[in-house]
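Structure, as structure tokens:
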Amino acid sequence: MMDMEKLYQRVHTMIMSSSKAPKYMSISSVKVADIFGVTPGEIEKGLQELVESGRLTKSKLQDPPHNVIYQIPGVTTNRVGGSENSIQQA
25 MMDMEKLYQR VHTMIMSSSK APKYMSISSV KVADIFGVTP GEIEKGLQEL
75 VESGRLTKSK LQDPPHNVIY QIPGVTTNRV GGSENSIQQA
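For the sequence shown, the working numbering assigns the number 25 to the initial residue and increments by one for each residue that follows.
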């Protein structure tokens, strides 16, 4: 069974290290699964649980390549006045 807290901490670190504004990350379940030694399906299920619990938000980029992205609620920018209008709820 996936350790949700470890998954959340890893994803949180990935998002916070993002240079994008607002802070977001397109997460590869295959790469994260390799790190944790589990299946990509377990990572996808874990990410969905984190979204359902309100610890992450899931959106989709409106512009190509239309990636599904994850954000931490309440963390919106890297800099004062930063804004991004190309994200829509997935």
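Ideal placement from N, C-alpha and C gives every residue a C-beta, glycine not left out.
query: Inter-stretch contact at 8 angstroms, needing at least 3 Cβ pairs: the region 77-87 / the region 57-69; result: no
query: Minimum length 4: unbroken alpha helix (DSSP H) runs contained in the region 53-87; result: 53-60, 64-76
query: Inter-residue spacing [alpha-carbon to alpha-carbon] between HIS90 and GLU73; result: 22 angstroms
query: Whether LYS47 touches VAL92 by CB criterion (7 angstroms); result: no
query: Length of the line joining the Cα atoms of SER53 and SER42; result: 17 angstroms
query: Under the three-state DSSP convention, the category GLN95 falls into; result: strand
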